[in-house]
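Only one structure is covered here, and it is reproduced in the block below.
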Ligand SMILES: NC(=O)c1ccc[n+]([C@@H]2O[C@H](COP(=O)([O-])OP(=O)(O)OC[C@H]3O[C@@H](n4cnc5c(N)ncnc54)[C@H](OP(=O)(O)O)[C@@H]3O)[C@@H](O)[C@H]2O)c1
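In structure tokens, the structure reads:
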């Protein structure tokens, strides 16, 4: 066994964790080893990580004992939950508690907790600007993550709280790419008005996280926000048009219209975009581009991400379901 520091990575076969694993594995002389955590060590993605040099260990974040074993002997742990797999903020809270308990038990020296804002600090439940969802949340997939921050702090787990941004991969995998309108033109639909949305290439989250681990104690107990670009809907449409070689227009809808689109999570995302829009300076301010680039000099912009990935964005030919305010 060498004396490299072990980083245990939750969600290693996914977007965020996969990026952390690759960032560490690519830095061969960097002094760190990857312990890639997955529910299934025999999956193709797990085998690929093993081939790249990771130790692959099975874990289920719903099982605290498996987490304790997985974190044993690790210097660092990258912790993330998977809201869109189950749509349950309560489950995220339970899973964050499991990870915090396991990190405490194993004496992990540096946890990075992939979190988001508890929007209720800005929009209390009684605020009628947006509906309350699931009885006690405004933006369920944000609020529980923010609420879970204290689970790490209260246990005295040395933690960096990492605020991530909207993945541009959502245009490929989450049905958020341009759709063709009845007029035959392409439209990207967002309820952001003329406000800016911080976005990121999901792989850059891993590169930033690795940089945070490498900077050691500097970011312990701190909240760190990252983004590759802050763009308006019109700005995103212009960049998409350039990359796709055809006109793309911004279809600016109200958050209420967006909430009514009816796909799973539409209400949650409608509230999220409204929060991003109405608290633009706070939301963008927490995700400085200068800071992000200092952490990860190869941070992609939307334009550079599109140059690599534009061809993977599916163009939906179905007509828009709603447009305008
Ligand atoms: N989409 C966005 O724009 C965005 C932006 C910011 C934050 N987020 C947040 O990012 C989180 C998801 O992260 P991600 O995008 O990296 O996820 P992801 O790509 O969907 O990956 C999830 C991975 O986690 C593993 N996993 C799932 N359930 C598990 C469990 N119970 N125990 C252990 N491993 C489990 C799965 O691997 P195995 O099958 O190999 O176990 C899977 O590969 C969400 O909570 C979301 O709110 C998303």
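Numbering (our numbering), first residue to last: 419 to 743.
No residue lacks a Cβ here, since even glycine has one placed at the ideal position from N, Cα and C.
Note that the coordinates shown come from a computational prediction; the quantities given were computed from them, not determined experimentally.
May I ask whether a heavy atom of ligand 1 can be found less than 7 Å away from the beta carbon of residue i?
i	result
residue 543	no
residue 710	no
residue 719	no
residue 474	no
residue 559	yes
residue 453	no
residue 479	yes
residue 457	yes
residue 585	yes
residue 431	yes
residue 536	no
residue 503	yes
residue 582	yes
residue 427	no
residue 435	yes
residue 714	no
residue 499	yes
residue 588	yes
residue 506	no
residue 463	yes
Please report the distance separating the alpha-carbon of residue i from that of residue j.
i	j	result
residue 584	residue 710	14 Å
residue 500	residue 513	9 Å
residue 609	residue 624	28 Å
residue 520	residue 664	51 Å
residue 760	residue 594	Since the first and last residues shown for the chain are 419 and 743, residue 760 lies out of range.
residue 602	residue 539	42 Å
residue 722	residue 716	10 Å
residue 743	residue 704	Interpretation of residue 743 is limited by its pLDDT of 38, a score under 50 that renders its predicted location unreliable; the figure taken from the coordinates is listed afterwards. So the two alpha carbons sit approximately 28 Å from each other.
residue 648	residue 654	10 Å
residue 684	residue 661	27 Å
residue 612	residue 688	16 Å
residue 526	residue 498	16 Å
residue 482	residue 572	18 Å
residue 506	residue 428	18 Å
residue 421	residue 463	27 Å
residue 586	residue 666	16 Å
residue 438	residue 645	16 Å
residue 733	residue 672	23 Å
residue 726	residue 656	17 Å
residue 650	residue 679	21 Å
residue 798	residue 465	Given a span of 419 to 743 for the chain in the structure shown, any question on residue 798 remains unanswerable.
residue 712	residue 669	34 Å
residue 740	residue 698	Below a pLDDT of 50, predicted positions are generally treated as unreliable, and residue 740, at 46, falls in that range; the measurement from the model is reported next regardless. Spanning the two alpha carbons is a distance of roughly 24 Å.
residue 636	residue 604	45 Å
If you run the structure through DSSP and keep just helix, strand and coil, what is residue i?
i	result
residue 669	strand
residue 423	strand
residue 735	coil
residue 597	strand
residue 617	strand
residue 438	helix
residue 584	strand
residue 742	Interpretation of residue 742 is limited by its pLDDT of 43, a score under 50 that renders its predicted location unreliable; no figure is taken from the coordinates.
residue 728	helix
residue 429	coil
residue 634	helix
residue 606	strand
Check the C-beta distance from residue i over to residue j and give it rounded, since I have them as a contact under 8 Å.
i	j	result
residue 686	residue 557	6 Å
residue 474	residue 454	5 Å
residue 701	residue 616	7 Å
residue 621	residue 706	About 19 Å; that fails the 8 Å criterion.
residue 543	residue 563	Actually they do not touch by this definition, with Cβ atoms about 17 Å apart.
residue 578	residue 638	6 Å
residue 630	residue 731	With a Cβ gap of about 30 Å, residue 630 and residue 731 do not count as contacting.
residue 518	residue 575	5 Å
residue 552	residue 541	Rounded, the Cβ-Cβ distance is 15 Å, inconsistent with contact.
residue 494	residue 528	4 Å
residue 430	residue 467	6 Å
residue 478	residue 451	Wrong, their Cβ atoms sit about 22 Å apart, outside the cutoff.
Please list the segments of the beta strand (DSSP E) lying wholly inside the segment 528-579, counting only runs of 3 or more residues, in order along the chain. 528-533, all fully within the segment 528-579.
| task | For the segment 450-519, list the alpha helix (DSSP H) runs that are entirely contained and at least 4 residues long, ordered along the chain. | result | Listed in chain order, the complete alpha helix (DSSP H) runs (minimum 4 residues) inside the segment 450-519 are 462-469, 482-489, 501-504.
Within the segment 648-726, note down every full alpha helix (DSSP H) run reaching 4 residues or more, in order along the chain.
Within the segment 648-726, the complete alpha helix (DSSP H) runs of at least 4 residues are 651-662, 673-677, 684-696, 698-703, 707-713.
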